[in-house]
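Engineer: Residue numbers (our numbering): 6 to 189. A virtual CB, placed ideally from N, CA and C, is assigned to each residue, including glycine.
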């Protein structure tokens, strides 16, 4: 069982986000109360919506879980942008340096908006880096942290044809790193 230590609570958009730090791995964990009660204790059960951290090399990795397995939002007021900001800002408050963000997008019905947007860009003729930068994560990281480049992009794909019959790579899983292109 993971031991977690409360960090703080943040209210946004009528939702209280509970932030914890996992003692073993040191990751930040964000949970919300969706109104479910524990059968054993009758206390609120918190649902995880985000988990991540910045490693010593400056790489942020995290998981946002805004939707259920059917692709429906866990709560209409939760926003991935706010959860991502909370994860990163909480790490920055401890003095960590944020140099790049590792993204892993995996196919799943209605659960990977980034992967869907990435594949849509490839089908329209964008190269892989351009397609990555026009996703939600790419746009958010550029707007909030100036990350304007992509490196080490790789994954699982199959060749498909777009509407005009041109071949493109359609990914079912992809990994990449977003960063500022002025870094050495």
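1) List the residues that DSSP assigns as beta-bridge partners of residue 154.
2) Using only CA atoms, which one of 42, 85, 102, 77 lies nearest to residue 22?
3) From 83, 27, 137, 152, pick the residue whose C-alpha is nearest to that of residue 159; which is it?
4) DSSP on residue 89, reduced to helix/strand/coil?
5) Going by DSSP, name the residue or residues bridged to residue 11.
6) Can you tell me which residues form a DSSP beta bridge with residue 61?
7) In terms of residues, what are the limits of the alpha helix (DSSP H) holding residue 38?
8) Compute the distance between the beta-carbons of residue 79 and residue 54, then report whether it is under 8 Å.
9) Tell me which residue opens and which closes the alpha helix (DSSP H) that residue 134 is part of.
10) Using C-beta distances below 6 Å, list every residue in its chain close to residue 147, excluding the 5 sequence neighbours before and after it, in chain order.
11) So, at 6 Å on beta carbons, what are the nonlocal neighbours of residue 139 in its own chain, with the 5 sequence-adjacent residues on each side left out?
Structural biologist: To lay it out plainly:
1) DSSP links residue 154 through a beta bridge to 184.
2) The shortest CA-to-CA distance from residue 22 to any of 42, 85, 102, 77 is the one to 85.
3) It is 137.
4) Note: residue 89 maps to helix in three-state DSSP.
5) Answer by DSSP bridge pairing, in chain order: 25.
6) Per DSSP, none; premise fails for residue 61.
7) Following the DSSP letters along the chain, one finds residue 38 in no alpha helix (DSSP H) but inside the beta strand (DSSP E) bounded by residues 33-42.
8) Yes, the Cβ-Cβ distance between residue 79 and residue 54 is below 8 Å.
9) It spans 133-138 - the alpha helix (DSSP H) in which residue 134 sits, taken as one unbroken run.
10) Contacts found: 153.
11) Result list for residue 139: 126, in chain order.
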